[in-house]
Amino acid sequence: MPAADLATISLRELNAALHRLAPDTADLHWRVINPRGEHAIAAGLTAPVTVEIDGHVGYYCAGMNQRARVVVHGSAGQGVAENMMSGEVRVEGDASQSAGASGCGGLLVIDGNAAARCGICMKGIDIVAKGSVGHLSAFMAQAGNLVVLGDAGDALGDSIYEAHLYVRGSVKSLGADCIAKPLRDQDKAELHRLLDAAGLGNQVDVGDFHRYGSARRLYHFHIDNVGSY
Amino acid sequence: MCGIVGLFIKDQRLEPELGALLAGMLGTLCDRGPDSAGFAVYGEAARGRIKFTLRAPQEFDFEALLRRLAGVASAPTIRDTHAVISVPVAKESEVRAELARTPDVDVVGSGRRMEIFKEVGRPDGVAARFALNKMSGTHGIGHTRMATESAVTTDGAHPFTTGPDQCLVHNGSLSNHNAVRRELARAGIRFATENDSEVAAGFMTWKMRQGASLQQALKASLAALDGFYTFVVGTESGFGVLRDPIACKPAVMAETEKFVAFGTEYRALVDLPGIAVAKVWEPEPAQAYFWERH
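Taken in order, these protein sequences are the chains called A and B. Using my numbering, the first residue of the first sequence is number 1, and each one after it goes up by one. Using my numbering, the first residue of the second sequence is number 1001, and each one after it goes up by one.
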């Protein structure tokens, strides 16, 4: 297994080595030690490899990820897995602001809490936070799923489009145009799929979740508002 | 941008390392604020005496100033452009008057324990010029500046101090500082610059002068100050952290049995002893955190 010690090689050397990997590489499992909170560790990966990082990482870890599986044995700074296209990112500690921001696909699992703006502008990514998420999470969320096993902070789903939000605990407040919706069978099936993917299997009762989504009053043109334009 | 750091020692045995640890933290955050830097260190107090940190041009003759204060001030500890003198509390106003008559000398700060140093230049260089790595103390705060709200000058560098043993570093920008400055000036708080962050320091001083605790002063600033901010505040015995309700500016904290540390980025904390087993967390928005020495 290739190992990279960021106390002895530079971050650019590590990322360049990961970027050079061919789609059919035999180096399928990488380990990074001494990440020292560096930014953009394992960002921009395209090969279907697993990268395990021992320790806390800085900003934008695993950003723009495609196909790779990145595991952080620690906490992550701002924007972990931002703009992810596919693959999987798992943070075993907490995640700072804007986790999974603008993500188009793939799965982000946060074992701890996520801070403010988790899933901001998400466009198809699936995010499972085992703890709680901070204020303005799923702000302008367009597509994908945000599953929160703990609580959500203020203004959840503000100006939301068509992303699906599931929260098991309390929601401090809902943002503009975000409303509670009934949990239908198809939603429970979706939750099952997401929780299975996050490794939670049957540990959680999907019936405990509340569903939130768009009231669709904000992003459709309404004739009563014609004077505003 | 800007970077801020803070370190509050809980285990006395670590106090001699305070300066070295703080210097390392500041150095890491050079790239968040390469234009100027400053720091405050809370060191030894002497019974019945107050310390002044003075700043003067490079060639200034501090010894001559001391001769004018003969029999009142201690021998100065000179560090580059700054000098620390200690005077009996009873002579404080007399010394302030003499310093005010000395055109080349600015009083950077004063207090029983606080010493404060700041200059223009790369933060690692500024820390080296003042030999921060040799300083010991119970707590300290520091700042690396990328100027946005006022010019790159030594006066515009943080920490800002507006009261004895009180100082503040700020990451962010305030939008209502002019109005708050005018109100505080009417209440008798004196400001040396047009800088927004100095107003935040002045607000804390004003609240604490009215009898507020550090925690109460931090909470009160949530309602009074508008803008983006993460503050780290030092008092003679305490250390506090506050983020604005929107939490635009990054912040991370670490705590062990030996210390509490603050950094704008986790990178600033990676060389602290025992960081691998520290509790590391992001301070919540609009929540006042504070630690006091007992």
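Cβ atoms here follow ideal geometry from the backbone N, Cα and C, with glycine treated the same way. Computed from a predicted structure; not experimentally measured.
query, result
"Proximal residues to B/A1251 (C-beta, below 6 Å), its chain only, five neighbours per side dropped", "T1230, R1243, P1283"
"Anticipated Cβ contact below 8 Å, B/R1079 with B/F1130, distance rounded", "5 Å"
"CA-to-CA distance, B/E1265 to A/H210, given in whole angstroms", "35 Å"
"Contacting residues, own chain, Cβ-Cβ under 6 Å from B/E1119 (five flanking each side not counted)", "V1126, T1154"
"B/D1165 vs B/M1114 beta-carbon contact at 7 Å", "yes"
"Within 8 Å of chain B by C-beta, residues of the segment 76 to 98 of chain A in sequence order", "G77, Q78, G93, D94, S96, Q97"
"For B/S1110, three-class secondary structure by DSSP", "strand"
"heavy atom of the ligand PLP below 6 Å from B/S1136 C-beta", "This structure lacks the ligand PLP, and indeed carries no ligand of any kind."
"Contact the segment 1047 to 1054 of chain B vs the segment 1009 to 1028 of chain B: 3+ CB pairs below 8 Å", "no"
"For B/M1253, the three-state DSSP class (helix, strand or coil)", "strand"
"Meets three-Cβ-pair contact criterion under 8 Å: the segment 184 to 203 of chain A and the segment 1098 to 1108 of chain B", "no"
"Alpha-carbon to alpha-carbon, A/N113 and A/L136", "14 Å"
"Local conformation of B/Y1266 per DSSP, three classes", "helix"
"Within 7 Å, strictly: CB atoms of A/G37 and A/G58", "yes"
"A/G227 to A/G157 span [Cα, whole Å]", "27 Å"
"Chain B residues whose Cβ lies nearer than 8 Å to that of A/E38", "R1267"
"Closest residue to B/Q1058 among B/P1245, B/A1040, B/T1081, B/A1064 (Cα-Cα distance)", "B/T1081"
"7 Å Cβ shell around A/E162 - same chain, five flanking residues per side excluded", "Q142, A143, S214"
"Cutoff 7 Å; reference B/E1292; Cβ partners in own chain excluding five residues on either side", "S1237, G1238"
"Element boundaries [beta strand (DSSP E), containing A/G143]", "One detail in the question is off: residue 143 of chain A reads as Ala in this sequence, not Gly. A/A143 -> beta strand (DSSP E) spans 143 to 148."
"C-beta contact flag for A/R69 and A/Q97 at 7 Å", "no"
"DSSP three-state assignment for A/C178, whether helix, strand or coil", "strand"
"Euclidean distance between Cα positions of B/L1272 and B/G1240", "19 Å"
"C-alpha distance - A/R184 paired with A/L218, whole-angstrom precision", "24 Å"
"Neighbour list for B/P1285 in chain A, Cβ cutoff strictly below 8 Å", "A116, G134, H135"
"Closest Cα partner of B/F1262 within the set B/P1245, B/A1276, B/Y1289, B/I1246", "B/Y1289"
"A/E82 beta carbon less than 7 Å from that of A/D111", "no"
"Euclidean distance between Cα positions of A/H222 and A/R216", "11 Å"
"Endpoints, the beta strand (DSSP E) within which B/E1292 is located", "1289 to 1292"
"Short CB-CB distance (under 7 Å) between B/E1255 and chain A", "no"
"Within chain B, the residues that A/H56 reaches when beta carbons sit closer than 7 Å", "Y1266, V1280"
"Identified DSSP bridge partners for A/R90", "A/V71, A/V109"
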